[in-house]
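Counting in the working numbering, the sequence shown runs from 25 upward without gaps.
Each residue gets a CB set at the ideal place from its N, CA and C atoms; glycine is no exception.
None of these values were measured; they are calculated from a predicted model.
In what follows, a single structure is set out as structure tokens and then discussed.
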Amino acid sequence: MRGAARASVAALAAYTDLDWRRVPAGDLEWSCWQTALHMVDDLYFYAMQVVYGQPDRYLCTELALDDSASTQRLLTALSAHADMLHRIAQSAERDLRAYHVYGVSDPAGFSAMGVVETLIHTFDMVRGLNPADPWRPPAALAAPVIARLFPNAPSGDPADVLLYCCGRAALGDLPRQTQWRWDGTVRT
């Protein structure tokens, strides 16, 4: 989780002088600002699900972020919440289960979800902020989350496969997906 946050911050740091509120995040309907808030909120939300540990329902909580925060402060919040999710997932009991609409999951599953959200939305934001920037999710971070959350993923370069699995790009002869979801269920 921390590696995904470091990769995200490194990719986005060059663009903190741009107005993220006015720039769409790639093909999303959200601005880069809204997408960054979503990423931070997801990391918080996943951490709280692990703390709550209820397999039959969500803990109804949402993060309220400072709407006047600078883009740099958003990146600091991203790092802090990634660290929080990492620490909570690492310290949780391995047999803990918590609800997610994409499958009741374990601490490692919620951490993997946080990595996917961070990498994919960083990709979206970079595409919006500078379409010429070739940034892609690092393969070393993409491969384990593909294995954990996309058990039926096609083979290929992990960055390309993750982008395909999350509906961001075609993969070889496979067209870009318009509907997708991960499988957070626990597999042994």
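Rounded to whole angstroms, S115 and V139 show a C-alpha spacing of 18 Å. L109 is positioned such that its CB atom lies no closer than 8 Å to that of L143.
DSSP links A122 through a beta bridge to S129.
Around G191, the same chain offers R200, Q201, T202, Q203 and W204 as residues with beta carbons nearer than 8 Å, after the five sequence neighbours per side are excluded. Within the model, the alpha-carbon separation for E117 versus P131 is close to 8 Å.
Cβ contact annotation for A88 (same chain, cutoff 8 Å, sequence separation greater than five): none.
For R26, the uninterrupted alpha helix (DSSP H) segment begins and ends at R26 to L36.
Here D148 is buried: its Cβ has 16 or more other Cβ atoms, across all protein chains shown, within 10 Å.
Taking one beta carbon from each stretch, the region 164-175 and the region 78-85 have fewer than 3 pairs nearer than 8 Å; the two do not touch.
Per DSSP, D65 is one residue of the alpha helix (DSSP H) stretching across C56 to Y76. In this structure, P182 sits away from A193, with a CB-CB distance that is not shorter than 8 Å. Residues of the same chain with a CB within less than 6 Å of the CB of T40, apart from the 5 flanking positions on each side, are T95 and Q96 in chain order.
In this structure, T146 lies near A35, with their beta-carbon atoms less than 8 Å apart. Taking 8 Å as the cut-off, the beta carbon of L98 is found no closer than this to the beta carbon of A37. Only residues of its own chain outside the window of five on either side were considered, and among them G208 have a CB closer than 6 Å to the CB of G133, listed in chain order.
Burial check for Y126: the Cβ neighbour count within 10 Å stays below 16, so the residue is exposed. Taking 8 Å as the upper bound for CB-CB distance, P178 and L195 are in contact here, some 6 Å apart.
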